[in-house]
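K.L.:
Chains as they are written, first to last, in my numbering: chain A, 1 to 298; chain B, 299 to 596; chain C, 597 to 894; chain D, 895 to 1192. By construction, the Cβ of each residue, glycine as well, lies at the ideal position given by its N, Cα and C atoms.
Protein chains: 4
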Amino acid sequence: MSVAAANASASPRFILTLGCPDRRGIVARIAGFVADAGGWITEASYHSDPETGWFFTRQEVCASTLPFGIDELRTQFGAIAHEFGAQAEWRVHSTAERRKVVILVSREAHCLYDLLGRVTSGELDVDVRAVIGNHAELATVTRAHGIPFHHIEFPKGIDPEGKQAAFAQIRQIVDVHEPDAIVLARFMQVLPHELCAAWAGRALNIHHSFLPSFVGARPYHQAHTRGVKLIGATCHYVTAELDAGPIVEQDVIRVSHTDSVSDMVRKGRDIEKVVLARGLRWHLEDRVLVHGNRTVVF
Amino acid sequence: MSVAAANASASPRFILTLGCPDRRGIVARIAGFVADAGGWITEASYHSDPETGWFFTRQEVCASTLPFGIDELRTQFGAIAHEFGAQAEWRVHSTAERRKVVILVSREAHCLYDLLGRVTSGELDVDVRAVIGNHAELATVTRAHGIPFHHIEFPKGIDPEGKQAAFAQIRQIVDVHEPDAIVLARFMQVLPHELCAAWAGRALNIHHSFLPSFVGARPYHQAHTRGVKLIGATCHYVTAELDAGPIVEQDVIRVSHTDSVSDMVRKGRDIEKVVLARGLRWHLEDRVLVHGNRTVVF
Amino acid sequence: MSVAAANASASPRFILTLGCPDRRGIVARIAGFVADAGGWITEASYHSDPETGWFFTRQEVCASTLPFGIDELRTQFGAIAHEFGAQAEWRVHSTAERRKVVILVSREAHCLYDLLGRVTSGELDVDVRAVIGNHAELATVTRAHGIPFHHIEFPKGIDPEGKQAAFAQIRQIVDVHEPDAIVLARFMQVLPHELCAAWAGRALNIHHSFLPSFVGARPYHQAHTRGVKLIGATCHYVTAELDAGPIVEQDVIRVSHTDSVSDMVRKGRDIEKVVLARGLRWHLEDRVLVHGNRTVVF
Amino acid sequence: MSVAAANASASPRFILTLGCPDRRGIVARIAGFVADAGGWITEASYHSDPETGWFFTRQEVCASTLPFGIDELRTQFGAIAHEFGAQAEWRVHSTAERRKVVILVSREAHCLYDLLGRVTSGELDVDVRAVIGNHAELATVTRAHGIPFHHIEFPKGIDPEGKQAAFAQIRQIVDVHEPDAIVLARFMQVLPHELCAAWAGRALNIHHSFLPSFVGARPYHQAHTRGVKLIGATCHYVTAELDAGPIVEQDVIRVSHTDSVSDMVRKGRDIEKVVLARGLRWHLEDRVLVHGNRTVVF
Chain A
1 MSVAAANASA
11 SPRFILTLGC
21 PDRRGIVARI
31 AGFVADAGGW
41 ITEASYHSDP
51 ETGWFFTRQE
61 VCASTLPFGI
71 DELRTQFGAI
81 AHEFGAQAEW
91 RVHSTAERRK
101 VVILVSREAH
111 CLYDLLGRVT
121 SGELDVDVRA
131 VIGNHAELAT
141 VTRAHGIPFH
151 HIEFPKGIDP
161 EGKQAAFAQI
171 RQIVDVHEPD
181 AIVLARFMQV
191 LPHELCAAWA
201 GRALNIHHSF
211 LPSFVGARPY
221 HQAHTRGVKL
231 IGATCHYVTA
241 ELDAGPIVEQ
251 DVIRVSHTDS
261 VSDMVRKGRD
271 IEKVVLARGL
281 RWHLEDRVLV
291 HGNRTVVF
Chain B
299 MSVAAANASA
309 SPRFILTLGC
319 PDRRGIVARI
329 AGFVADAGGW
339 ITEASYHSDP
349 ETGWFFTRQE
359 VCASTLPFGI
369 DELRTQFGAI
379 AHEFGAQAEW
389 RVHSTAERRK
399 VVILVSREAH
409 CLYDLLGRVT
419 SGELDVDVRA
429 VIGNHAELAT
439 VTRAHGIPFH
449 HIEFPKGIDP
459 EGKQAAFAQI
469 RQIVDVHEPD
479 AIVLARFMQV
489 LPHELCAAWA
499 GRALNIHHSF
509 LPSFVGARPY
519 HQAHTRGVKL
529 IGATCHYVTA
539 ELDAGPIVEQ
549 DVIRVSHTDS
559 VSDMVRKGRD
569 IEKVVLARGL
579 RWHLEDRVLV
589 HGNRTVVF
Chain C
597 MSVAAANASA
607 SPRFILTLGC
617 PDRRGIVARI
627 AGFVADAGGW
637 ITEASYHSDP
647 ETGWFFTRQE
657 VCASTLPFGI
667 DELRTQFGAI
677 AHEFGAQAEW
687 RVHSTAERRK
697 VVILVSREAH
707 CLYDLLGRVT
717 SGELDVDVRA
727 VIGNHAELAT
737 VTRAHGIPFH
747 HIEFPKGIDP
757 EGKQAAFAQI
767 RQIVDVHEPD
777 AIVLARFMQV
787 LPHELCAAWA
797 GRALNIHHSF
807 LPSFVGARPY
817 HQAHTRGVKL
827 IGATCHYVTA
837 ELDAGPIVEQ
847 DVIRVSHTDS
857 VSDMVRKGRD
867 IEKVVLARGL
877 RWHLEDRVLV
887 HGNRTVVF
Chain D
895 MSVAAANASA
905 SPRFILTLGC
915 PDRRGIVARI
925 AGFVADAGGW
935 ITEASYHSDP
945 ETGWFFTRQE
955 VCASTLPFGI
965 DELRTQFGAI
975 AHEFGAQAEW
985 RVHSTAERRK
995 VVILVSREAH
1005 CLYDLLGRVT
1015 SGELDVDVRA
1025 VIGNHAELAT
1035 VTRAHGIPFH
1045 HIEFPKGIDP
1055 EGKQAAFAQI
1065 RQIVDVHEPD
1075 AIVLARFMQV
1085 LPHELCAAWA
1095 GRALNIHHSF
1105 LPSFVGARPY
1115 HQAHTRGVKL
1125 IGATCHYVTA
1135 ELDAGPIVEQ
1145 DVIRVSHTDS
1155 VSDMVRKGRD
1165 IEKVVLARGL
1175 RWHLEDRVLV
1185 HGNRTVVF
């Protein structure tokens, strides 16, 4: 069941996630801990990766069945996580806490429009705190949804200091919200390394190609030149290396010789929208566990 | 190339379509007619159906390369069509004439929202003349896009006369615009036979199943009960028999045992949106030729 | 990891499956049982269905990490299953026991050919004990693979007794092998009720449509007449009602107005083959748990 | 309709293809030529590429409706092709001439097995003249189908001269058949430049990735390391640059974190088989027109 559905019901869930070196008894230990406390597990996922020797789990527990709140749960589950050698790779969240999102855009409307539609209909039950654009085009649609829009102008020519200043402004606006996700919804600027580091594991990008094909600029032009028969889109976490972060979701659509670059751009938009929306949903539902440069999506 | 792209360019196209009994020389006759007039064909599609013995064609001709306008073209091409025994199955349109659309909705926002997004961005270059709802929920989003919204209330209980009156009102609003397409964007009322007849070949419905599976009400519930592994959506022309009209486009998405009915509803929406948008685009670009209960989509 | 891969490695697995009424502590009880015995779980799947209140699980345990063999495991796990009210819905298998399969065919070669190819290459590590055909066409290819072929002729006209006798012969040949799966690989005869009952949960059929569309005979003809834009195939367990058993797997492929019925037949074959192969693999790996008329596929 | 279906019917077709600089009147000229001769066009495809200014067409004409045979047709159509500036980019074939194919393999059986199954069932109505392997493993299955198998051993270490000699032997075996297609069905050796040149436009390779991702060796390992969510296969013409020739067909299949490299290899095989079979069919039906490094697939 989705976070939205869980929120809609009278019964919030606690979501526990953990990644640690694999060994015997982890499932028993975690499930035993929840059961001993009287907790009802409504969804449980496990994965053992024989190549890396790593273990991953995600559990949804009916919050009302536990005799304690999230703070105590965090303390107790954290102790277990440390037992198994998980340093930072564990989390406890409540579906009752509404997730906060900041969206970065440029001129292209379709991903923003799609996300706002999902938020408005309640399908995506999140709190969009701000939209930041390096162009002003999307201010109107954003504000029509009651969401603040910040226009941060970027320098036109090569101006590293101007760019740095623009990113400093963006960071200030973003960080005050402590967002659970920073969404690059066809934001066409490359994040500086310090922002990649500061937002590690929270910044999601949609790239308009089936990565690792067609990294960088104008992927539909590259795809057209290469004569591929399918085009795609990739939702991935932003890391310092361009378009090389852990992949959360991908999808493709068929094209043919009749499709010009602009037809590809149009068809690709429909893929970009759903791939980004799925990736964001899974991220906010704590379904995505990152290990090295790969993801487990429960 | 799409209508939008053609419009965007300085060069409108004439679109000719024809369906008639197959025989030798039709391609030569039509292509010869265009060539003799000096016309440049930018896209040409032909299909011979050996089972029905029917021939179909669609041609895009660069308007500026012809020495006459659309009225003369209609006269001359109509004469050729009659030569080949095409009664009503031929059309001539100019991409310079902006297509008119009326949208019928109920409470579900996603298809309307998606269409308005495409219109706003210019991807779908059409004139949405009105949105008509049997509920008032979608009035705000419609009017925010500068489009008139008409709320036509339907009777609650069984009240055939009340229903008839409501449909009479709808018809009045629709017909004044002489729309090229009447889009049932998750409009949950069954059109009366006289409207099916009046709008034949212009009324497009999106049904939230992979037809002919799960005709009628609550298809996602039916799909869940049957335990299917893929769910779908179907865009079809409205005819007197419920959900049985000529199919324009279909698509599917994978589901599993982890998907509740509400998960299916959510996943299905993404398919409904794109299937309807594709079907509408093809209809408005005169790519859909209907013969019997089947379609040729060029 | 697949059964084949597990077999290939030096380390067989025990596979435990269970379906029972959902309640607190089941995961903890099962995982605790395995952990207390020193077992290493290499794959664990759980599913709670809120609508039916049913709980499902499948576990793979490294056999060499348990201090006892499959008989003792069966005794102990059976006791736990009974604790939780699972009557017949639990199983324990070892990947070291090679699965036995009997295949029923008619004239169409593609599914049989595909399965034999997978068996020959070792991809599908099963013991095909016999192929039974109501026609003799596929005898040669079967025997070329070193597998016995039985030709059981069916009466031409309406001859219920002759048919019954033919099915009695088939049953005799099948039952002596105590197969884990009876595969109807485009076997065009409807199984009598007593065979459906005798082989319940073991007889897999491939139907050449996207069920529940186009039940029964000549589904591609039905699909062509309806003018669908996608055709499909469905692998399902055989039950007394024709083409209505629990669905294991489905897939689709796009068709268009250019596809004749024979084109659909040809395209459909590629879907039938992979859908049947996937369904059979999952069945033999104990990944499919049936509850009512629906399946959980872990 | 497919070549097989056309062959099966009493009525062979002539297939005309042409690529030339676009200009007015080409359709009229070709269709007029066929019509004036009394020919019945059963399938006609046209494509104008605005970016390259190139025009492409493919026509199927019912052979019995023309008053002359293929030689005269070739003469007359060749004259027209030259009128429009097509140097080498035109062809005339009869579906009555059975196409000749040579297949190159290594150890992997699945693509060969799949092709032989299609040939045996008559789905692919071609004449497989020879199978050549740099290993002997696939000799038995090849010969069981009545097809000669040639084992050409390649040197183990770095031995350019030995390799050259092996390829010279292969070339000799291939060229004597004047095949319409040389199929590299998971042949793991890189063709030398002189063979790429000699077989230009006739040598089809199946690469086990979604090109241009994962060029070269071990693409599934590369895909696993990158953590992609879909894997694919690409059928392309062989050119001097490795895995960079014109793409004929591609397809993908979904993978997840649960798939090991060997699972990807297994899932990928099903995609490789159908992508190669589709590419080969289209090539042999003269549906693929190459221009620069891109293909038009009618």
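Does the CB of P348 of chain B have a neighbour CB from chain D at under 9 Å?
P.N.:
Taking Cβ atoms only, chain D reaches closer than 9 Å to P348 of chain B, which makes this a yes.
K.L.:
How about L1098 of chain D and H1130 of chain D: are their beta carbons less than 9 Å apart?
P.N.:
Yes.
K.L.:
Could you say which of B:H449, B:V426, B:V332 lies nearest to A437 of chain B if we only look at CA atoms?
P.N.:
If we check each option's Cα against that of A437 of chain B, B:H449 comes out closest.
K.L.:
Given a limit of 7 Å on CB to CB distance, which residues of the stretch 1028 to 1050 of chain D reach chain C?
P.N.:
Those would be A1038, in chain order.
K.L.:
Give me the subset of the stretch 34 to 62 of chain A whose CB atoms are less than 9 Å from a CB atom of chain D, sorted by chain position.
P.N.:
Going along the stretch 34 to 62 of chain A in chain order, one finds H47, D49, P50, E51, F56 with a Cβ nearer than 9 Å to chain D.
K.L.:
Please state whether DSSP places H443 of chain B in a helix, a strand or coil.
P.N.:
Coil at H443 of chain B, not helix or strand.
K.L.:
Excluding the five sequence neighbours on either side, which residues of its own chain have a C-beta within less than 8 Å of the C-beta of G1139 of chain D, listed in chain order?
P.N.:
Only N1099, H1130, Y1131, V1132, T1133, N1187 meet the Cβ criterion.
K.L.:
To which residues of the same chain is I15 of chain A closer than 6 Å at the C-beta, ignoring the five residues directly before and after it?
P.N.:
Answer for I15 of chain A: E60, H93, D286, listed in chain order.
K.L.:
Taking its Cβ as the centre, do 16 or more other Cβ atoms sit within 10 Å of I456 of chain B, making it buried, or is it exposed?
P.N.:
By the neighbour-count rule (16 or more Cβ atoms within 10 Å), I456 of chain B is not buried but exposed.
K.L.:
Measuring CB to CB, does D290 of chain B end up less than 9 Å from D36 of chain A?
P.N.:
Summary: the structure shown does not reach residue 290 of chain B, with chain B confined to residues 299 through 596, and so no result is reported for it.
K.L.:
I need the DSSP call for F651 of chain C, collapsed to helix, strand or coil.
P.N.:
Of the three classes helix, strand and coil, the one that applies to F651 of chain C here is strand, per DSSP.
K.L.:
Going by C-alpha to C-alpha distance, which of B:L371, B:V426, B:D557 sits closest to A483 of chain B?
P.N.:
When each option's Cα is compared against that of A483 of chain B, the closest is B:V426.
K.L.:
Over what stretch of residues does the beta strand (DSSP E) that includes F962 of chain D continue unbroken?
P.N.:
That residue, F962 of chain D, is in no beta strand (DSSP E); it is neither H nor E in DSSP.
K.L.:
Let's see if you can read the secondary structure: which residues bound the beta strand (DSSP E) around R890 of chain C?
P.N.:
Per DSSP, R890 of chain C belongs to the beta strand (DSSP E) from 890 to 893.
K.L.:
Does N603 of chain C get closer than 9 Å to chain A when you measure Cβ to Cβ?
P.N.:
Below a pLDDT of 50, predicted positions are generally treated as unreliable, and N603 of chain C, at 39, falls in that range; no measurement from the model is reported.
K.L.:
Determine the chain C residues that contact G1011 of chain D at a beta-carbon separation under 8 Å, and present them in chain order.
P.N.:
Within chain C, the residues near G1011 of chain D are A705, H706, Y709, D710, G713.
K.L.:
Please check the pair V183 of chain A and V101 of chain A, which I expect to be a contact at CB under 8 Å, by giving their CB distance rounded to whole angstroms.
P.N.:
Indeed, because the Cβ distance is near 6 Å, the residues count as touching under 8 Å.
K.L.:
Pick out whichever of A:E241, A:K267, A:H291, A:G122 has its Cα sitting closest to the Cα of S560 of chain B.
P.N.:
Cα-wise, what sits closest to S560 of chain B is A:G122.
K.L.:
Assess, as a yes-or-no matter, whether the stretch 365 to 383 of chain B is touched by the stretch 342 to 350 of chain B under the definition of 3 or more beta carbon pairs within less than 8 Å.
P.N.:
Segments in contact, no.
K.L.:
Against chain B, with Cβ distances strictly below 9 Å, would R992 of chain D count as a contact?
P.N.:
Cβ-Cβ to chain B under 9 Å: no for R992 of chain D.
K.L.:
Tell me where the alpha helix (DSSP H) around E194 of chain A begins and ends.
P.N.:
It spans 193 to 198 - the alpha helix (DSSP H) in which E194 of chain A sits, taken as one unbroken run.
K.L.:
By the criterion of Cβ-Cβ separation under 8 Å, what are the contact partners of T1189 of chain D in chain A?
P.N.:
Within chain A, the residues near T1189 of chain D are G227, H257.
K.L.:
If you follow the beta strand (DSSP E) that D930 of chain D is part of, which residue opens it and which one closes it?
P.N.:
That residue, D930 of chain D, is in no beta strand (DSSP E); its alpha helix (DSSP H) goes 920 to 930.
K.L.:
So, is the C-beta of T989 of chain D closer than 9 Å to a C-beta in chain C?
P.N.:
It does not: the Cβ of T989 of chain D has no partner Cβ on chain C nearer than 9 Å.
K.L.:
By DSSP, does K100 of chain A sit in helix, in strand, or in coil?
P.N.:
Of the three classes helix, strand and coil, the one that applies to K100 of chain A here is strand, per DSSP.
K.L.:
Measure the Cβ-Cβ separation of I339 of chain B and V921 of chain D and say whether it is below 9 Å.
P.N.:
Their beta carbons are under 9 Å apart, which means I339 of chain B touches V921 of chain D by this criterion.
K.L.:
Could you tell me the boundaries of the alpha helix (DSSP H) in which R1175 of chain D lies?
P.N.:
R1175 of chain D -> alpha helix (DSSP H) spans 1155 to 1178.
K.L.:
Along the alpha helix (DSSP H) that carries A764 of chain C, what are the first and last residues, could you check?
P.N.:
First-last of the alpha helix (DSSP H) with A764 of chain C: 756 to 771.
K.L.:
On the three-pair Cβ rule with 8 Å, is the stretch 756 to 768 of chain C touching the stretch 1035 to 1043 of chain D?
P.N.:
Verdict: no, contact absent.
K.L.:
Cα separation between V999 of chain D and V1159 of chain D?
P.N.:
Their Cα atoms are separated by approximately 17 Å.
K.L.:
What does V870 of chain C touch in chain D if you count any residue whose Cβ is under 7 Å from its own?
P.N.:
Within chain D, the residues near V870 of chain C are D1164.
K.L.:
Could you work out which residues of chain B lie near R1080 of chain D, taking near to mean beta carbons separated by less than 8 Å?
P.N.:
Correct list: empty, because the minimum Cβ distance to chain B is about 28 Å.
K.L.:
Within 10 angstroms of the Cβ of R515 of chain B, are there 16 or more other Cβ atoms? Answer buried if so, exposed if not.
P.N.:
The sequence shown places Ala at residue 515 of chain B, rather than the Arg named in the question. Exposed, by the Cβ-count rule.
K.L.:
Whole angstroms are fine: how far does the CA of R500 of chain B sit from the CA of V424 of chain B?
P.N.:
One C-alpha to the other measures close to 15 Å.
K.L.:
Compare the C-alpha of G25 of chain A against each of C:G621, C:G635, C:R625, C:L614 and name the closest.
P.N.:
Here the closest residue by C-alpha is C:G635.
K.L.:
In chain order, what residues of the same chain lie with their CB nearer than 7 Å to the CB of G577 of chain B, ignoring the 5 residues before and after it?
P.N.:
Closer than 7 Å at the Cβ level, and outside the excluded window around G577 of chain B, lie L502, C533, V546, E547.
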